[in-house]
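Oh and the sequence shown: position 62 is 752 in our numbering, straight run, nothing missing. A virtual CB, placed ideally from N, CA and C, is assigned to each residue, including glycine. The model shown is predicted, which means the values in this text are computed figures rather than measured ones. Report on one structure; see the data block that follows.
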Amino acid sequence: MTTRVMTQKEAAWIAHAVGGDPLIASYIDNQVDHGQDFYRIAANLPVCGRCERLVLVHNKGYVCPTCGHTEENSRGHKMKTHLRRGMYR
């Protein structure tokens with residue numbers, strides 16, 4: 691396993707993706723309360739194609755609680771993939 695230091699741009703995007711939505715915060719808090727690791731939970735959540743925030747999986751697609759964007763028959767890509775590929779703005 692290799693580790694690296696997160697850049698300021700990556701850190702700013704993570705703060706944007708995770709913050710600002712009480713539904714996402716509530717979901718992550720609930721998972722952490724049940725023994726899950728915060729970073730593993732956030733890294734595996736999909737990212738909204740419109741506003742680049744974390745979204746929740748709903749049926750066979752996802753719904754963004756921040757902007758209301760929905761995708762059917764798609765799970766999008768995960769936050770860890772979004773960071774790895776440098777897709778953040």
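Start-to-end residues for the alpha helix (DSSP H) that takes in residue i
| i | result |
| --- | --- |
| Y717 | 712-723 |
| V708 | 698-708 |
| K770 | 769-774 |
| Y729 | 728-733 |
N- and C-terminal bounds of the beta strand (DSSP E) containing residue i
| i | result |
| --- | --- |
| H748 | 746-748 |
| Y752 | 751-753 |
Through-space distance from residue j to residue i, alpha-carbon basis
| i | j | result |
| --- | --- | --- |
| P736 | Y729 | 13 Å |
| V745 | G710 | 12 Å |
| R743 | T693 | 24 Å |
| H706 | N763 | 26 Å |
| V753 | I714 | 11 Å |
| H778 | I731 | The sequence given here has Tyr at residue 778, not His. The alpha-carbon atoms of Y778 and I731 are separated by roughly 19 Å. |
| G766 | R775 | 14 Å |
Cβ-based burial, residue i [other Cβ within 10 Å; buried from 16]
| i | result |
| --- | --- |
| H724 | exposed |
| P755 | buried |
| H772 | buried |
Sheet register partners of residue i (DSSP bridge)
| i | result |
| --- | --- |
| E761 | Y752 |
| V737 | L744 |
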